[in-house]
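Colleague:
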Amino acid sequence: MPQPSSEEWAYYIERFECELAVFGLRDGAATEPARRELLLSKVGKQHFRLLVDHFKPRAIQDVAYDELKAAINANYAPKSSVMVDRVHFSMRFRRKNESVMQFVNALRGLA
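Read in order, the letters of the sequence shown are residues 1 to 111 in my numbering.
1) Please list the terminal residues of the continuous alpha helix (DSSP H) segment that includes Met-91.
2) Drop a sphere of 10 angstroms on the beta-carbon of Tyr-11, count the other beta-carbons inside from all chains shown, and report buried for 16 or more, exposed for fewer.
3) For Leu-51, which residues of its own chain have a beta-carbon under 8 Å away from its beta-carbon, when the five flanking residues on both sides are left out?
4) Take the Cβ of His-47 as the centre, count every other Cβ of all protein chains shown within 10 Å, and call the residue buried at 16 or more, exposed below.
5) Any idea if Leu-107 is buried or exposed, counting beta-carbon neighbours within 10 angstroms, 16 or more meaning buried?
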């Protein structure tokens with residue numbers, strides 16, 4: 001699980017869902033318990049506690065995978081201002097040793 005300062009939640013969950021796809025657990029109601037259990041087994045102590053506390057008095061094993069994802073997303077998804085994002089985008093210039101493709105990818109990341 002990402003630490004709040006080390007990896008953004010959006011990137012972590014993308015990697016996690018790639019792992020689910022490897023195991024054939026990405027879609028389907030039959031795979032719901034496996035996805036939930038795998039996510040719960042991958043989270044660290046801090047994040048597990050956040051989930052347990054968030055869903056009390058329900059047992060964490062009774063919570064759906066999508067609900068777990070939404071709860072973590074609510075706590076770790078970046079909260080941004082449209083104006084601030086526009087300023088960051090408009091202030092991004094191509095650096096001296098940066099290829100055009102690297103610059104375009106950086107702009108896509110800011111968009």
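Don't be surprised by glycine CBs; every beta carbon is placed ideally from N, CA and C.
Modeller: A quick look at the data gives this:
1) Where Met-91 is concerned, there is no enclosing alpha helix (DSSP H), given that its DSSP letter is neither H nor E.
2) The residue in question, Tyr-11, is exposed, as its Cβ has fewer than 16 Cβ neighbours within 10 Å.
3) In chain order, Leu-40, Val-43, Ile-60, Val-63, Leu-68, Ala-71 and Ile-72 place their CB closer than 8 Å to the CB of Leu-51, counting only its own chain and leaving out the 5 sequence neighbours on each side.
4) Buried: at least 16 other Cβ atoms inside 10 Å.
5) With fewer than 16 Cβ atoms within 10 Å of its Cβ, Leu-107 is classed as exposed.
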